[in-house]
Amino acid sequence: MTDARAPWRAVGRRSDGAVDVAVVDAGGAVLERRTIARERLAAELADDPDTRWIWSDTTAWYHDVLAAGVRIARCHDVRLCHAILRDSSLVADATGLRSATVWDAASAAPADDSDALFALEPAPDAIPHDLDATVAEYARQVEAIRGSADPGRLRLLTAAESAGALVAVELHHAGVPWSRDTHDAILAGILGPRPRPGELPSRVGELAEAVRVELADPAASLDSQPRLLRSLHRVGVLVESTSKWELRRHEHPVIEPLLAYKRAMRLLSANGWAWMDEWIPADRFRPVYVPGGVVTGRWASSGGGALQLPRMLRPAVRADDGWRLVVADVAQLEPRILAAMSGDLALAEAARGRDLYEGIVARGTVPSRQEAKMALLGAMYGATTGDSGRLVPTLRRAYPRAMALVDDAARVGEEGGSVRTLLGRTSPAPSAAWRDLQADAAESEASDAVSSLARSRARERGRFTRNFVVQGTAAEWALAWLADLRRRLVGFPAVGDHPVTGRAHLAFFLHDEIIVHVPADQAEAAAEAVGDAADAAGRLLFGSFPLDFLLDVRIAESADKS
DNA sequence: AACGATAGCGCG
DNA sequence: AAAGCGCGCTATCGTT
31 MTDARAPWRA
41 VGRRSDGAVD
51 VAVVDAGGAV
61 LERRTIARER
71 LAAELADDPD
81 TRWIWSDTTA
91 WYHDVLAAGV
101 RIARCHDVRL
111 CHAILRDSSL
121 VADATGLRSA
131 TVWDAASAAP
141 ADDSDALFAL
151 EPAPDAIPHD
161 LDATVAEYAR
171 QVEAIRGSAD
181 PGRLRLLTAA
191 ESAGALVAVE
201 LHHAGVPWSR
211 DTHDAILAGI
221 LGPRPRPGEL
231 PSRVGELAEA
241 VRVELADPAA
251 SLDSQPRLLR
261 SLHRVGVLVE
271 STSKWELRRH
281 EHPVIEPLLA
291 YKRAMRLLSA
301 NGWAWMDEWI
311 PADRFRPVYV
321 PGGVVTGRWA
331 SSGGGALQLP
341 RMLRPAVRAD
351 DGWRLVVADV
361 AQLEPRILAA
371 MSGDLALAEA
381 ARGRDLYEGI
391 VARGTVPSRQ
401 EAKMALLGAM
411 YGATTGDSGR
421 LVPTLRRAYP
431 RAMALVDDAA
441 RVGEEGGSVR
451 TLLGRTSPAP
461 SAAWRDLQAD
471 AAESEASDAV
481 SSLARSRARE
491 RGRFTRNFVV
501 QGTAAEWALA
511 WLADLRRRLV
521 GFPAVGDHPV
531 TGRAHLAFFL
541 HDEIIVHVPA
551 DQAEAAAEAV
561 GDAADAAGRL
571 LFGSFPLDFL
581 LDVRIAESAD
591 KS
């Protein structure tokens, strides 16, 4: 993965806004340095597009560079890698990294505030962007990896995390191609035509009216849970909450219009016309992705609810004229990850070339696909009761290796220990409050209340660590998939000047799903690249282990699932 | 008036 | 009854 002869370069910001550029050796020592004007930065990177650029924070640097028309191949994101290495249980001595607390500060402001990096007065809680601090921390990280229990895995993880950071900025830059007209039509179909500002859409008003009729109260408030609850009780619907999953269980003429009202209001407030005007100004949705934003290594997002686009809006995701979308998602990613990382050949056999849940049924473990899914999700999430928990023991007998991996992770977590993903991302240590509670419960005169609370908190943490190993390793696989596909797409013929959108490019990513926006005549090739990248990611993480990462790939003009 | 916490629901 | 993980966002409610 790392080539000792590759020229590595670092950039840092000077207090006057100019940029220091340095050539560094494999250990992070500066061999040469010079200073260039800020305006020269993009050109400087363009001169060495294949070099690995070491910088403080991809979000802070890359947006300007891309805006200036330059794309780079590789980077080392010091902030993101610091967080990984500081906590990784593979790192033998993290003292130096832990004392470099300045790298724990928040990332720069989101990409649209592109002046944030070059503001004269950096925010007091921001990470440093100067060359000396950047290179010094980089050297600490190189040393931490070298002295670790598994340098190869940590190199892979830090490279994948950094590549993901590049993808995240590029995704923001490209945006999700979006049809405002289709979006408007979907809203109108469910809510009624767009109302004047301050007015409720007609269909919402009708539903509210229907609910109030059934509640026999023309003034009933539907948006306040306590008041709605009282209204429901008055007409004999004895629910404890106003949640839809509880309402669904009751038979009463108010239920159906009420659920429809809640659905409509949800759509209106979360993804209605106001959202469309704010987030889709010009037929592109540009969410802010936050790589490493979740403890497990998954991405988070900030603003716009990028990771929560309701499925009913997916028809609004629409390729440009003459372009197509390649929409691909992995079938049962986390169960496959579990099979591969535990080396469970029986589970891998159930997964090979088919729907994994169907494979479990075919092997006679459980009678139906639904039960197989419930059982496996229950095993990965730590269910102990209900339909899901009931089937877990059956699964434990059929797939002992896979189940032992998650059961061990849960046990370690309950005992206050740390677990790690395949590549070494490590779960956070329990809080002081958690440890205090466990210590209190261990005292001989501990009350029943304290003991039972401590047990409950221990189990909670066990469910977290149980899931952490699988969710986190799945996130690593997905990063490898993204990074590999990104590299393949650069080889596609350019049809425009833009470094990202001037050719086939990634347009969306969500945990186990990718959307590529591609000129129509290259769509088949792009679909093939998506599959090849998935195969490559599997080999990178799991070598020759006999398991495939089955994709559902579609080429279409819209992302609508048909 | 401005904050944090909570309920509820969207996604994987 | 969400029984079982991880998120972000909005509206409402309670506190200051």
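According to my numbering, the first sequence is numbered sequentially starting from 31.
Even for Gly, the Cβ is constructed at its ideal location relative to N, Cα and C.
Just so we're clear, the structure is a prediction, and the values are computed from it rather than from any experiment.
Query: Ordered list of alpha helix (DSSP H) runs contained in the segment 283-323, each at least 4 residues; Result: 285-301, 303-309
Query: Environment of L580 [buried if 16+ CB atoms lie within 10 Å]; Result: buried
Query: Burial state of K403, where buried means 16 or more other Cβ atoms lie within 10 Å; Result: buried
Query: Where T89 falls, given that 16 or more other Cβ within 10 Å makes a residue buried; Result: buried
Query: Other residues of its chain near R39: CB distance less than 8 Å, five sequence neighbours each side excluded; Result: V51, A52, V53, V54, D78, T81, R82, W83, I84
Query: Integer Cβ distance of L509 from G194, believed to fall under 8 Å; Result: 5 Å
Query: Inter-residue Cα distance where the pair is R44 and C105; Result: 20 Å
Query: Cut-off 7 Å between Cβ atoms - residues of its own chain near H541, not counting five sequence neighbours on either side; Result: R328, A508
Query: Cβ-Cβ distance between H203 and V525 below 8 Å; Result: no
Query: Within 8 Å, strictly: CB atoms of W208 and I285; Result: no
Query: Limits of the beta strand (DSSP E) - the one that E62 falls within; Result: 60-66
Query: Bounding residues of the alpha helix (DSSP H) (the contiguous stretch that carries I544); Result: That residue, I544, is in no alpha helix (DSSP H); its beta strand (DSSP E) goes 543-549.
Query: Inter-residue Cα distance where the pair is R176 and P317; Result: 36 Å
Query: Cβ contact check for the segment 449-456 and the segment 390-404: 3 or more pairs under 8 Å; Result: no
Query: Candidates D562, L435, R354, E200, of which the one nearest F539 by Cα; Result: E200
Query: Any 3 or more C-beta pairs closer than 8 Å across the segment 459-468 and the segment 421-441; Result: no
Query: Cβ-heavy atom distance, A380 to the ligand GDP, below 7 Å; Result: Here there are no bound small molecules, and the ligand GDP is not part of this structure.
Query: DSSP state of P231 mapped onto helix, strand, coil; Result: coil
Query: Stretch-stretch touch, CB-based, cutoff 8 Å, three pairs: the segment 221-228 with the segment 117-127; Result: no
Query: Given R366 as reference, the closest of G568, V121, A246 once Cα atoms are compared; Result: G568
Query: Supposed contact pair E506 and R354 - C-beta distance, whole angstroms, cut 8 Å; Result: No, R354 and E506 are not in contact; Cβ-Cβ is about 29 Å, not under 8 Å.
Query: Terminal residues of the beta strand (DSSP E) in which V422 lies; Result: Careful: V422 lies outside any beta strand (DSSP E), inside the alpha helix (DSSP H) at 416-428.
Query: Beta-ladder partner(s) of S251, from DSSP; Result: Its beta-bridge partners do not exist; DSSP assigns none.
Query: Alpha-carbon spacing of P576 relative to A378, whole angstroms; Result: 7 Å
Query: Beta-carbon spacing of A513, E364 below 8 Å; Result: no
Query: Bridge partners - H535, DSSP secondary structure assignment; Result: H547
Query: DSSP three-state assignment for V525, whether helix, strand or coil; Result: coil
Query: Pair within 8 Å by beta-carbon distance, L483 and L515; Result: no
Query: Nonlocal neighbours in the same chain, by C-beta distance under 6 Å from E558, ignoring five residues either side; Result: none
Query: Length of the line joining the Cα atoms of D590 and M342; Result: 8 Å
Query: As assigned by DSSP and simplified to three states, the class of D143; Result: In this prediction, D143 scores a pLDDT of 45, lower than 50, which makes its location untrustworthy; no coordinate-derived value is stated.
Query: Cβ contact check for the segment 477-494 and the segment 158-168: 3 or more pairs under 8 Å; Result: no
Query: Beta-carbon proximity of A405 to L386, cut-off 8 Å; Result: no
Query: Rounded straight-line distance, which links the Cα of V100 to that of A73; Result: 8 Å
Query: Pairwise C-alpha distance: A370 and A440; Result: 19 Å
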